[in-house]
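Enquirer: Submitted below is the structure of interest, expressed as structure tokens.
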Amino acid sequence: MIKKVLVTGADGFIGSHLVEALLDDGYKVKAFVYYNSFNSWGWLDTLPKEKLKQIEVFSGDIRDPNGVREAMKGIDIVFHLAALIAIPFSYHSPDSYVDTNIKGTLNVLQAARDLGTERILVTSTSEVYGTAQYVPIDELHPYQGQSPYSATKIGADRLAESFYRSFNMPITIVRPFNTFGPRQSARAVIPTIITQLLSGETEIKLGSLTPTRDFNFVKDTVQGFIEIAKCDNTIGEEINIATQDEISIGRLAEELIKQINPEAKIICDDQRLRPDKSEVNRLLGSNEKIKRLTGWSPSHTFEEGIKETVEWFKEEGNLQRYKSDIYNI
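Pasting the structure below:
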């Protein structure tokens, strides 16, 4: 039986890749995109026309319970990715993060409860752990709200847990570590470095170089979502999607500079620095649980993912979508 799935945040970076992967796997896909008067479907607009014709697009606002409920009617599986994710923007606009990340998730959960939705996957983030207290970070690691963004994601996760425990709902909390790849926003570090280099900049502006991150290539991240959705043993669980490997921002930048323009150098841009107590200094995730429950493991090396990402940015028209000369928060 072909499953009908809804992807919220389908117009975004990971969401658009998930839509593509679900179509390739034979699912019937409904894409929840953020309503706007430009009739823009975000990154979905860049998909081949033959794929777009297979997608049912629903324009709405995750903060609106009525629209969310309408979008979820007749849906078997919900992949809930819609969220505000930029950490610097959460410093001065935390209300919008509460409304989108917490209340938006509540809207999905309430509708799923009323409609009897078969499976709900709620997207978390490795940022809920804060700086690693031990490594690799497994799903039992303590939570720490080191930014308003991470605090709202902790709140959304705990709401999801409460609906699982209170109403026996088929919920899984999916926790990707740092995903990268084609179409990623310039607010993330890898596109920030690549776009500056490809635009001819010789002084690459970055924040702190010492933090480490566990980078997932986006195609592996979305396959993790799909494998989790296929497995009944993941219901009621919180599951990392991680490579169990780490690299510092400084080393990452040096590798990209070596590949694209060895003459470039790194300079510190103070506006890109997080407040000291807010910076997450180390993220290295455990992937033992997802491997044990689903058999998933990364299919791409970090080097393969970086190569594909750089090549995408080099394609005509892609780099023009980015404003590499300004700090994108």
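Once you know that position 76 of the sequence shown is 194 in the working numbering, the rest is easy, because the numbers rise by one and skip nothing. Quick reminder that beta carbons are idealized off the backbone N, C-alpha and C, glycines included.
Which residues mark the beginning and the end of the alpha helix (DSSP H) in which residue 70 is found?
Expert: Any property of residue 70 remains undetermined from this structure, which presents the chain solely from 119 to 447.
Enquirer: Given residue 431, which residues of its chain have a CB within under 7 Å of its CB, disregarding the five upstream and five downstream residues?
Expert: Contacts found: 312, 313, 316, 437.
Enquirer: Sorted by chain position, which residues of the same chain lie with C-beta nearer than 7 Å to residue 423's C-beta, five sequence neighbours on each side aside?
Expert: So the qualifying residues of the chain are 298, 299, 335.
Enquirer: Which residue spans inside the stretch 416–442 form an unbroken alpha helix (DSSP H) run of at least 4?
Expert: Listed in chain order, they are 420–432.
Enquirer: Among the residues of its own chain, which have a CB less than 8 Å from the CB of residue 322, if the five just before and after it don't count?
Expert: 311, 314, 315, 371, 375, 382, 383, 384, 385, listed in sequence order.
Enquirer: Considering only the alpha carbon of each residue, which of 329, 173, 238, 279 lies closest to residue 392?
Expert: Closest by alpha carbon: 329.
Enquirer: Checking contacts by CB at 9 Å: is residue 349 closer than that to chain C?
Expert: Note that chain C does not occur in the displayed structure, where there is just one protein chain.
Enquirer: Hey, residue 195 and residue 339: beta-carbon distance below 9 Å or not?
Expert: No.
Enquirer: Between which two residues does the beta strand (DSSP E) carrying residue 358 extend?
Expert: First-last of the beta strand (DSSP E) with residue 358: 356–359.
Enquirer: Express the C-alpha separation of residue 306 and residue 387 in angstroms, rounding to a whole number.
Expert: Their Cα atoms are separated by approximately 15 Å.
Enquirer: I think residue 236 touches residue 288, with their Cβ atoms under 8 Å apart; what is that distance to the nearest whole Å?
Expert: Sure, about 6 Å apart at Cβ, within 8 Å.
Enquirer: Excluding the five sequence neighbours on either side, which residues of its own chain have a C-beta within less than 7 Å of the C-beta of residue 177, listed in chain order?
Expert: Counting only Cβ-Cβ distances below 7 Å, and skipping sequence neighbours, we find 151, 153.
Enquirer: If contacts are defined as beta-carbon pairs under 8 Å, then residue 291 and residue 245 qualify, I think. What distance do you get, rounded to the angstrom?
Expert: About 14 Å separates the two Cβ atoms, so there is no contact after all.
Enquirer: In or out: residue 148 buried (at least 16 other Cβ within 10 Å) or exposed?
Expert: Residue 148 should be labelled buried.
Enquirer: Taking DSSP as the reference, what is the three-state secondary structure of residue 309?
Expert: It is helical.
Enquirer: For residue 219 versus residue 202, is the C-beta distance shorter than 9 Å?
Expert: Yes. Within cutoff.
Enquirer: Give the DSSP-derived three-state secondary structure of residue 135 in the structure shown.
Expert: It is helical.
Enquirer: Out of 380, 410, 395, point me to the one whose CA is closest to residue 350's CA.
Expert: Here the closest residue by C-alpha is 410.
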